[in-house]
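Here is the structure we will look at.
Have a look at this one:
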């Protein structure tokens, strides 16, 4: 333990690191999927999804936190379900801070990953497909390795945003 930090301060730093780490871990799979969907697929509601992804950047953090509390609090529609079925409680717990940090950091992660996916030449993916690779295999062996720098950048941005997030929690 550092001498220049009191035990309570050290505990706060460790909690912030823990919350930011788990926020990135839990939002990364959904972030990759969402970024891929926005970059490669055409579907009804695509623009709506893009707007919803970026909503936490536009709304004040206090409003986002209040909406999360309404949804994931013990009386909220998702919170009561998760508590009854899985025993998960988010309100006023560190898990709630993880949820809030993940929601606030999600747009930065998706944007970085989406730009990285859009930079991948679609002809490389098509070439792998014409050689008999399944769509999942193409994604895992062509697209994902080429987008790793964007995934790393999105993860770092999300971690930094989650570390600095206070308003939504």
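Residue numbers (my numbering): 1345 to 1513.
Idealized CB from N, CA, C, for every residue including glycine.
Note on residue 1416: 16 or more other CB atoms within 10 angstroms of its CB, so buried under the neighbour-count rule. Here residue 1375 is near residue 1457, since their CB atoms are less than 7 Å apart. By the beta-carbon neighbour count (other beta carbons within 10 angstroms, threshold 16), residue 1503 is buried. With a minimum length of 4 residues, the unbroken runs of alpha helix (DSSP H) contained wholly in the segment 1383 to 1448 fall at 1390 to 1402, 1405 to 1416, 1421 to 1430. Residue range 1479 to 1482 is occupied by the alpha helix (DSSP H) that includes residue 1482.
For residue 1500, the enclosing alpha helix (DSSP H) starts and ends at 1488 to 1508. DSSP places residue 1472 inside the alpha helix (DSSP H), whose first and last residues are 1466 to 1474.
Apart from the 5 residues on each side of it in sequence, residue 1473 sits with its Cβ closer than 7 Å to the Cβ of 1482 in its chain, given in chain order. With a contact defined as Cβ atoms closer than 8 Å, residue 1451 and residue 1401 qualify at about 5 Å.
Taking 7 Å as the cut-off, the beta carbon of residue 1499 is found closer than this to the beta carbon of residue 1368.
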